[in-house]
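Here the structure comes first, spelled out in structure tokens, and everything after it is commentary.
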Amino acid sequence: MSPAPSGESLHSGRVLPVRQSLLAVLGLCFLLMMVAVDQTVVGTALPTVIADLKGFELYAWVATSYLLTSVITIPVFGRLGDYYGRKPFVVASIIIFTLGSMACGLSASMLQLVIARGVQGVGGGMLIGTAFACVPDLFPEPRTRLRWAVLLTSSFGIANAFGPTLGGFLTQYVGWRAVFFVNLPLGFISLYFVWRYLPHIRQIQGGKIRLDWPGALLIALVLASLQLLVERLARHGPDATVLLLALVCALVLLALVAWERRFPQPILPSELFRNKGVVALFFLSFFTGFVMFALL
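One gets the numbering used here by counting positions in the sequence shown from 1 and adding 10 to each.
Quick look at the structure:
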């Protein structure tokens with residue numbers, strides 16, 4: 011059977027040809043590796059970037075702008091992918107991330123680099139929020155799904171660990187702009203495989219779809235204030251701005267919990283946090299990321 015055309019919309023539960031599923035996973039692996047490398051490759055290049063572009067006062071914002079936009083977009087596009095199918099958002103994430111990488115490599119000032127990194131973060135957040143969720147669409151059988159989910163997660167982790175070495179090599183022998191331009195061929199390869207082989211699968215929804223836009227806004231405010239708090243605390247200690255950000259984060263978090271409990275189709279269902287297995291995975295992911303990025 012030939013791959014489903016790019017415009018075809020399928021419903022969940024349909025078993026896809028093995029070859030199509032494998033090639034779709036290959037595209038997702040390339041894509042996840044591109045984003046994972048980018049998360050860690052920039053750190054080793056930053057001193058050279060600062061020496062070239064100046065603007066030391068924006069040093070921290072090269073990372074902060076990426077993290078800020080990515081943490082906001084992950085839950086929003088994860089839910090949109092549940093409703094409308096993940097392929098359009100995966101394709102959009104590749105395009106946005108690749109264009110953001112090109113803009114980073116062409117930056118003539120630190121301000122331009124910070125803005126371009128923010129664009130990259132939007133694409134990276136869209137990708138993380140949708141790409142991992144493509145595995146159940148491609149492999150409905152639970153055991154098979156688990157094996158391929160482990161493969162995607164492993165490719166992401168290996169690329170994360172490889173990033174600093176690659177960044178140092180490219181910066182020393184090619185130039186810091188190559189750290190961003192290296193994403194372009196990976197982006198084109200990923201786009202080909204995803205566009206060609208990843209089916210547009212939409213989950214069967216019962217009743218009218220109601221998007222939780224207020225919940226998405228509250229999540230964005232919580233994550234943004236928390237991210238800014240962490241960045242500010244590391245640089246300036248517990249000053250008045252940090253305390254204000256902590257207060258804002260706490261108040262918005264309370265508002266988010268109250269809203270999500272009353273909205274019929276919340277972006278963060280409360281049942282999710284009553285599942286002990288899911289909560290354990292949350293904590294495991296948190297501490298894994300904490301240790302890994304501390305070592306990197």
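Idealized CB from N, CA, C, for every residue including glycine.
For G177, which residues in the same chain have their Cβ closer than 6 Å to its Cβ, ignoring the five residues on either side in sequence? V51, T54, A55, V189
Review point. If you draw a straight line from the C-alpha of C114 to the C-alpha of L239, how long is it?
Key: 25 Å
What residues in its chain sit with their C-beta under 7 Å from that of A268, if we drop five residues either side in the sequence? none
Q.
Only counting the same chain, and skipping five residues up and downstream in sequence, which positions put a Cβ closer than 6 Å to that of V132?
A. Cβ neighbours of V132 beyond the five flanking positions: T79, T83, I106.
Problem set entry | DSSP-derived helix/strand/coil call for I211 | I211: strand per DSSP, three-state reduction.
Identify which residue in I168, V289, I229 has its Cα closest to the Cα of M43.
For M43, the nearest C-alpha among the options comes from I168.
Original post:
What are the boundary residues of the alpha helix (DSSP H) that K97 is part of?
Top reply: K97 -> alpha helix (DSSP H) spans 97 to 115.
task: Grab me the residues of M120's own chain with a C-beta within less than 6 Å of its C-beta, minus the 5 sequence neighbours each way, in chain order.
output: Residues of the same chain with a CB within less than 6 Å of the CB of M120, apart from the 5 flanking positions on each side, are L63, G65, L68 in chain order.
* Asked: In angstroms, rounded to a whole number, what distance separates the CA positions of L231 and K97?
  -> 27 Å
* Taking the alpha-carbon positions, what's the I138 to L253 distance? -> 31 Å
From E241 to V47, what distance separates their C-alpha atoms?
A direct Cα-Cα distance of roughly 22 Å separates E241 from V47.
TODO: Could you tell me whether the Cβ atoms of W158 and F166 are closer together than 8 Å?
DONE: Contact: no.
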